[in-house]
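Residue numbers (the UniProt record's numbering): 1 to 275. We put the beta carbon where it would ideally sit given N, CA and C, even for glycine. The structure displayed is predicted, hence computed values, not measured ones. Everything below concerns the one structure shown next.
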């Protein structure tokens, strides 16, 4: 049975490392280099990095530094961040193979439930050196992630958010009002379940980071733990067991779905004057 799952997984994703962010990035690099008609040696000479680094990056064995990434984007004219994913952008590649998304978020509204204005404020804060022209494509990309929830074969989304997320002001009061209203509206979607983890929970399993568990159509589960630069995929069974237990612990401590919706309404009334 396990062999069958792994064989099917290889058919879907290629080698066993293909879900890792740097492996996704490597495939993109290889694609754009080939499109430009360059060998690894020729690209190395043009960007003044070693051929071995390019080879390692393309196979996903070597992580790409910011200077290396910048040089590749400039030389290969890839269109920048929208075509060269780093961190969480590889989520777009796996989402249509997913039947269940379990998401714990302790810092901000989950990306697939964000409004454009809320997402824009987050991206501006997280990328202080970027221009408006660089931010807008990222906002568009994030909004594209929302569309798959409307598809006929969309996965189920079970999200647990910390109460801090609901109360933290991101942008203006108007932006937060619209975001919370959209979040409340999203809870009416038949495939979306939302719970809030209240302040008085105290110490819990999600204090160190936000994370996502993706259950693919073949039954395989992978986890993505997020950090400042994006995220990393976790596939080892012993690690997945730990992340799964953490999620269940968080979910069991959260308010019920009904209580969570009531909390959002209460925050809208208290902080944003909406009854």
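Host alpha helix (DSSP H) of residue i (start-end)
i: residue 236; result: That residue, residue 236, is in no alpha helix (DSSP H); it is neither H nor E in DSSP.
i: residue 132; result: 132-147
i: residue 165; result: 163-167
i: residue 183; result: 173-186
i: residue 47; result: 40-47
i: residue 122; result: 116-126
i: residue 54; result: 51-58
Endpoints, the beta strand (DSSP E) within which residue i is located
i: residue 105; result: 98-105
i: residue 195; result: 192-197
i: residue 215; result: 211-216
Cβ-Cβ separation, residue j to residue i (assumed contact under 8 Å), whole Å
i: residue 215; j: residue 240; result: Contact flag wrong, Cβ pair sits at about 10 Å.
i: residue 204; j: residue 253; result: 6 Å
i: residue 117; j: residue 171; result: 6 Å
i: residue 57; j: residue 29; result: 6 Å
i: residue 261; j: residue 187; result: 6 Å
i: residue 142; j: residue 135; result: In fact, because the Cβ distance is near 11 Å, the residues do not count as touching under 8 Å.
i: residue 223; j: residue 243; result: 4 Å
i: residue 51; j: residue 64; result: Between residue 64 and residue 51 the Cβ distance is about 15 Å, and since that is not below 8 Å, they are no contact.
Selection from the options that minimises the alpha carbon distance to residue i
i: residue 24; options: 262, 52, 132 and 62; result: 62
i: residue 153; options: 191, 43, 58 and 104; result: 191
i: residue 115; options: 161, 218, 139 and 65; result: 139
i: residue 137; options: 128, 120 and 147; result: 120
i: residue 147; options: 53, 76 and 111; result: 111
i: residue 232; options: 57, 246, 249 and 210; result: 210
i: residue 166; options: 213, 195, 67 and 35; result: 195
i: residue 109; options: 143, 65, 151 and 179; result: 179
i: residue 151; options: 189, 168, 39 and 122; result: 189
i: residue 236; options: 250, 258, 213 and 217; result: 213
i: residue 202; options: 183, 168 and 164; result: 164
i: residue 265; options: 149, 123 and 184; result: 184
i: residue 247; options: 270, 206 and 269; result: 206
i: residue 106; options: 128, 218, 226 and 40; result: 226
i: residue 258; options: 197, 249 and 55; result: 197
i: residue 199; options: 42, 77, 53 and 250; result: 250
i: residue 268; options: 208, 174, 60 and 59; result: 174
i: residue 182; options: 126, 168, 113 and 162; result: 113
i: residue 26; options: 219, 223 and 53; result: 53
i: residue 32; options: 243, 132 and 77; result: 77
i: residue 335; options: 144, 234, 104 and 176; result: Residue 335 cannot be examined here, being either before or after the span of the chain that is shown, 1 to 275.
i: residue 122; options: 60, 169 and 149; result: 169
i: residue 161; options: 127, 60 and 263; result: 263
i: residue 176; options: 40, 67 and 270; result: 270
contact_flag[the stretch 151-162, the stretch 95-106] where n(CB pairs < 8 Å) is 3 or more: Touching, yes.
Would you call the stretch 64-74 and the stretch 39-52 touching, i.e. three or more CB-CB distances under 8 Å? Using a Cβ-Cβ distance cut-off of 8 Å, the stretch 64-74 and the stretch 39-52 are in contact, since at least three pairs of beta carbons, one from each stretch, lie closer than that value.
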